[in-house]
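See structure below.
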Amino acid sequence: MLTIQSVNEMKKVAFIQHFGGVFEHSLWVAEQAVHNRPFSSRASLHEQMVLIVRESSNSDQLALLRNHPNLGAKIKMTDASVKEQTGAGLTSLTKTEFNAFSSLNEAYIKKFDFPFIMAVRGKTKEEIYGQLKARLENDRATEFERALNEVFAIAYLRLSDLVRETEADECLQSQRIF
Numbered sequence: 002m003l004t005i006q007s008v009n010e011m012k013k014v015a016f017i018q019h020f021g022g023v024f025e026h027s028l029w030v031a032e033q034a035v036h037n038r039p040f041s042s043r044a045s046l047h048e049q050m051v052l053i054v055r056e057s058s059n060s061d062q063l064a065l066l067r068n069h070p071n072l073g074a075k076i077k078m079t080d081a082s083v084k085e086q087t088g089a090g091l092t093s094l095t096k097t098e099f100n101a102f103s104s105l106n107e108a109y110i111k112k113f114d115f116p117f118i119m120a121v122r123g124k125t126k127e128e129i130y131g132q133l134k135a136r137l138e139n140d141r142a143t144e145f146e147r148a149l150n151e152v153f154a155i156a157y158l159r160l161s162d163l164v165r166e167t168e169a170d171e172c173l174q175s176q177r178i179f
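Going by the working numbering, the sequence shown opens with residue 2, and the numbers climb by one from there.
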C-alpha cells in the first residue's frame, strides 16, 4: 500500500497506470488528476478525482457511467469489479436470482440509458436487488446523480485499497459525503 508521499513522487506514467482503474475503464480521470499533485491525503486525491468528473461534460459523465458492468452479469469485468461483486455474492447467483437481476438490469438500462451502479462492498445480494428495484422508481436526473455518487463511493473504496490512510484522512472520514 502506498503512502501519499510516494503517490506524489510517482512518475506520471506510473501514476496513471496505478490509478487508472479507480474509475471503471476511465483512464482519463487519472490522466487529469496527475497534474493536480501534490495531494495532502488520500481524501484530497479522491476529492480531486471527483472534481475532475464533476467538471467534465455530461457526455463524459454518461460514458463513465456506461463503463460500469451490470451487477450480477456474467461478462468479462475488471479485477476490481470481480472482487467487489464476488464479495457481495453476485458472481454466484442461482439461475432464478440471475434471471431476476437480468430482468431488472434490462429495465433499468431501458429507462435510464446507463447501467445500475452501486458500491456493493459490504452489501448482500438481497440489499443490492432491493436497491435496484427501488431505484427504478426514480426519474432520470435523480438517478444520474445517484449513479455518479455511487461511482464516487466505489472510487473511494478502491483508493482505500491502494493508498494508506493519513491523519488528515481520519479527520475527514466522519465528514465524507459522496
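For glycine and all other residues, C-beta sits at the position ideal for the given N, C-alpha and C.
All values reported here derive from a predicted model rather than from experimental measurement.
Restricting attention to alpha helix (DSSP H) runs no shorter than 4 residues, the segment 90 to 140 encloses them at 96 to 113, 126 to 136, ordered along the chain.
DSSP lists Val164 as the bridge partner or partners of leucine 3. Secondary structure note for arginine 43: its alpha helix (DSSP H) is the uninterrupted segment 43 to 55. Counting only the Cα atoms, lysine 12 lies some 44 Å from lysine 134. The criterion of a C-beta distance shorter than 8 Å is satisfied by leucine 137 and alanine 108. Linking leucine 65 to serine 45 through their CA atoms gives a straight-line distance of about 21 Å. One alpha carbon belongs to asparagine 37, the other to glutamine 49, and they sit about 7 Å apart. Rounded to whole angstroms, the Cβ separation of leucine 149 and valine 23 is 14 Å, and the two are not in contact under 8 Å. Between serine 27 and the set Leu63, Lys96, Glu127, Glu144, the nearest pair of CA atoms involves Leu63. Across the set Asn59, Ala156, Val35, the C-alpha of Asn59 shows the shortest separation from the C-alpha of alanine 142.
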